[in-house]
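Final position of the sequence shown in my numbering is 489; the numbers increase by one with none missing.
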Amino acid sequence: MKEQLVNMEKGTLIQQKIQQLESIISELKELFPEEVEIDLNTEIEEKQTEKIPIKLKKANTNKTQEDMAKIRTKEEDNTQILLDNGMVGKAYSDKITAELIGKEQFFILELSLSSKVEGLEFNIETGEISGTPKSAGDFIGTLCYKLGENDDEKYPELNKEVLITINPDPNSLWKNLPTDENAPYQKDNTYAEVISTEKHKIIGASIRGRSHAHIGSFRDDHFINFVFEESQWTLQAVADGAGSAKYSRQGSKIACETLKQGVEDYLSGDDFKSLEENLVAYYSKTEQEDEEKENLGRTLSQQVYTFLSQTSYESYKVVKGFAEDKQQELKDFSTTLLFTLSKEFEFGTIVLSTWIGDGVICVYTNDKFETLGEPDGGEYAGQTRFLTMSSIFQEGFEKRISLNCYKEKPTAIILMTDGISDPYFETDEGLKDGEKWESLWNDLNDAVLSKSEEEEFKSSMIDWLGFPSKGHHDDRTISILS
């Protein structure tokens, strides 16, 4: 009984060995059909397993080594080479390396991939794929190469699949839908203007943000620039209508237009005449007249406060009255309001400012950038204060206004909504970063301020306002006096 079990185990083992041999024989026969004689049908007894009739004819040793190399690399070449991802419209560069091939030494014969991806070229000498892709998708090609130092016949030709993924430009995914022609309070998607005087050029521009264009909603921002010829004061104002307020586009417009009218009325009155006289007197006083200057300073501060608070409050009242007339909620017209009034005197340039809400007011002079206040923040990120909130006039309004005198003529007075300030400065702390301001100024100067013609100014500013910035797609509005 024991002997029978042993014989059975031997038989099983023999059958396993035969199956292994049959597999090897089949592969050899496929590779060397003219050099191997094999009879797989030969009856093999238990004691004759060593006599399987396999005969090699005159074998070519070199050829056998080459073909065996094919066997050895066959499994490795089933792997895929994954190149770095690219993006449509952006410069691309990657390289076929030993690490990607999986072998230290290789010789490239051809890469079919570059012909499939428009805009990319393949340098067979360096193995580099470079260029600017023009279309998105997953592109599969074939790399033909040899595991050797050159194109010698002794090295087998091998193929590997190569994959490159070109992602679409995120900006191309944004829709640009028209606004509702039947909706109230129509507003152009873009607007720009240039005012030229003997001393200055004032540029203003506003565009609808991508997030608005994507759903076909209106531009909510507004701005106004105006030079009061008789008094030679210059008004700059920007207003950011709240995105959550359905009629904020009208609120920002009313705020700016009412402000202009209110300033114009005030400039023609006796109160402002007194204010201007005190400005001249205060900044012309010498250090020996400190006590008188101090008293004059207190009077001047009160006059500036009255002027700026009254003109701001008038804008609030008109927006509020408009909402009531239309039987709408005041919050539906919510808007910020930032403005400056500036004028050159013999002693320097005076800049008066009011800052309600987020955005930025900045004076650039002597290679320094000075912000004239701080953005309003709310309880949560992204919240701010609005002109339409009566509480802003009840206490602390003096913190929203400023009076500054610059002995050296400012290079520029800049006002902008948060659609620009957020991507450039990111945080309130970033507004104190001179390098960030320098970057913004250089961008503006290169793209816009270096132009000479009025139409160039306007078109260049509109184009610049469309700069891409991940996560920042709000309306963008700017006013620059230079």
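All C-beta atoms in this analysis are idealised placements derived from N, C-alpha and C, irrespective of residue type, glycine included.
inquiry  = Taking its Cβ as the centre, do 16 or more other Cβ atoms sit within 10 Å of Thr-424, making it buried, or is it exposed?
reply    = The Cβ neighbour count for Thr-424, taken over all protein chains shown within 10 Å, is at least 16; the residue is labelled buried.
request  = Report yes if the C-beta distance between Phe-340 and Ala-252 is below 8 Å; otherwise report no.
outcome  = Result yes, Cβ atoms of Phe-340 and Ala-252 sit closer than 8 Å.
request  = Can you tell me the Cβ-Cβ gap for Gly-258 and Thr-342, rounded? I've got them flagged as a contact below 8 Å.
outcome  = About 4 Å separates the beta carbons of Gly-258 and Thr-342, which is inside the 8 Å limit, making them a contact pair.
query = Per DSSP, which one or two residues make a beta bridge with Ile-357?
reply = Under DSSP, Ile-357 forms a beta bridge with Lys-350 and Cys-412.
inquiry  = Which complete beta strand (DSSP E) runs does the region 106–177 hold, if anything under 3 residues is left out?
reply    = Restricted to the region 106–177, the beta strand (DSSP E) segments that are unbroken, complete and at least 3 residues in length are 114–118, 127–130, 135–138, 144–153 and 164–174, listed in chain order.
task = With a threshold of 16 other CB atoms inside 10 Å of the CB of Val-169, please say whether the residue is buried or exposed.
result = It is buried - the Cβ of Val-169 has at least 16 other Cβ atoms within 10 Å.
task = Can you tell me which of the three DSSP states Thr-68 falls into?
result = Note that Thr-68 has pLDDT 41, beneath the 50 cutoff, so the model's placement of it is unreliable and the number below is only indicative. Per DSSP, reduced to three states, the secondary structure at Thr-68 is helical.
Ala-288 (DSSP reduced to helix, strand or coil) = Looking at Ala-288 - three-state DSSP - the assignment turns out to be helix.
key: Outcome for Ala-330 when other beta-carbon atoms lying within 10 angstroms are tallied against a minimum of 16   = Label assigned to Ala-330: buried.
Close-in-space but distant-in-sequence residues of the same chain around Glu-386 (CB under 6 Å, 5 per side omitted) = For Glu-386, the predicted structure reports a pLDDT of 46, less than 50, and the residue's modelled location is therefore unreliable. The matter cannot be settled from this model.
request  = Below 7 Å CB to CB, which residues in the same chain sit around Phe-376 once its five sequence neighbours on both sides are set aside?
outcome  = Around Phe-376: Cys-369, Gly-441 and Trp-444.
message = Do Thr-197 and Gly-223 count as a contact pair if the criterion is CB distance below 8 Å?
response = With a cutoff of 8 Å on beta-carbon distance, Gly-223 and Thr-197 are scored as not near each other.
ask   = By how many angstroms is the C-alpha of Arg-226 removed from the C-alpha of Ala-220?
value = Approximately 8 Å between the Cα atoms of the pair.
inquiry  = Less than 8 Å between the C-beta atoms of Val-326 and Thr-391, yes or no?
reply    = No, Cβ-Cβ distance for Val-326 and Thr-391 is not below 8 Å.
key: Selected residue, minimal CA-CA separation from Thr-86, among Lys-167, Glu-433 and Glu-463   = Distance from the Cα of Thr-86 is smallest, within the candidate group Lys-167, Glu-433 and Glu-463, for Lys-167.
query = Quick check: the region 300–319 against the region 268–288, are there 3 or more CB pairs under 8 Å?
reply = A contact exists between the region 300–319 and the region 268–288.
message = Suppose contacts are defined by Cβ-Cβ distances below 8 Å. Is Gly-148 in contact with Lys-123 by that definition?
response = In contact: Gly-148 and Lys-123 (Cβ atoms closer than 8 Å).
key: C-beta contact flag for Tyr-289 and Gly-304 at 8 Å   = Against a cut-off of 8 Å, the Cβ pair of Gly-304 and Tyr-289 comes out as a contact.
request  = Take every Cβ of the region 150–162, pair it with every Cβ of the region 175–195, and state whether three or more of those distances are shorter than 8 Å.
outcome  = The region 150–162 vs the region 175–195: no contact.
inquiry  = I believe Ser-428 touches Leu-456 by the beta-carbon criterion, under 8 Å. Please report the beta-carbon distance rounded to the nearest angstrom.
reply    = With a contact defined as Cβ atoms closer than 8 Å, Ser-428 and Leu-456 miss out at about 18 Å.
request  = Give the DSSP bridge partners of Leu-488, in chain order.
outcome  = For Leu-488, the beta-bridge partners assigned by DSSP are Ile-209 and Ile-420.
message = Measuring only the C-alpha atoms, how far is Tyr-152 from Arg-217?
response = Rounded to whole angstroms, Tyr-152 to Arg-217 spans 47 Å at the Cα level.
query = In whole angstroms, what is the alpha-carbon distance linking Asp-470 and Glu-461?
reply = Straight-line Cα distance between these residues: approximately 14 Å.
ask   = Using the rule of at least 16 other Cβ atoms within 10 Å of the residue's Cβ for burial, across every protein chain shown, is Val-358 buried or exposed?
value = It counts as buried.
Cut-off 7 Å between Cβ atoms - residues of its own chain near Phe-352, not counting five sequence neighbours on either side = Contacts found: Val-287.
query = So Asn-302 is in the beta strand (DSSP E); what residue range does that whole segment cover?
reply = Element bounds for Asn-302: not the beta strand (DSSP E) but the alpha helix (DSSP H), 297–332.
query = Hey, out of Lys-260, Gly-134 and Gln-334, whose CA is closest to Asp-195's CA?
reply = Answer by Cα proximity: Lys-260.
query = Since His-229 is in the beta strand (DSSP E), which residue starts that stretch and which ends it?
reply = Taken as a continuous stretch (DSSP letters only), the beta strand (DSSP E) holding His-229 covers 228–235.
message = I need the DSSP call for Glu-200, collapsed to helix, strand or coil.
response = Correct three-state label for Glu-200: strand.
query = Taking Thr-372 as the reference, which of Lys-338, Ser-397, Lys-414 and His-207 has the closest Cα?
reply = Checked all of Lys-338, Ser-397, Lys-414 and His-207; the closest Cα to Thr-372 is Lys-414.
inquiry  = Give me the residue from Ser-476, Glu-125 and Glu-283 with the minimum Cα distance to Ser-238.
reply    = Here the closest residue by C-alpha is Glu-283.
Cβ neighbours of His-207 in the same chain (closer than 6 Å, five flanking residues each side left out) = Only Leu-488 meet the Cβ criterion.
message = Here's the rule: buried if 16 or more other CB atoms are within 10 angstroms of the residue's CB, otherwise exposed. What is Pro-382?
response = The residue is buried, with at least 16 neighbouring Cβ atoms inside 10 Å.
query = Residues in its own chain within less than 7 Å of Tyr-99 by CB, not counting five upstream and five downstream?
reply = Same-chain partners within the cutoff: Gly-93, Leu-127, Ser-137, Gly-138, Thr-139 and Pro-140.
message = If the criterion is Cβ atoms closer than 8 Å, does the pair Leu-379 and Ser-409 meet it?
response = Closer than 8 Å, so yes.
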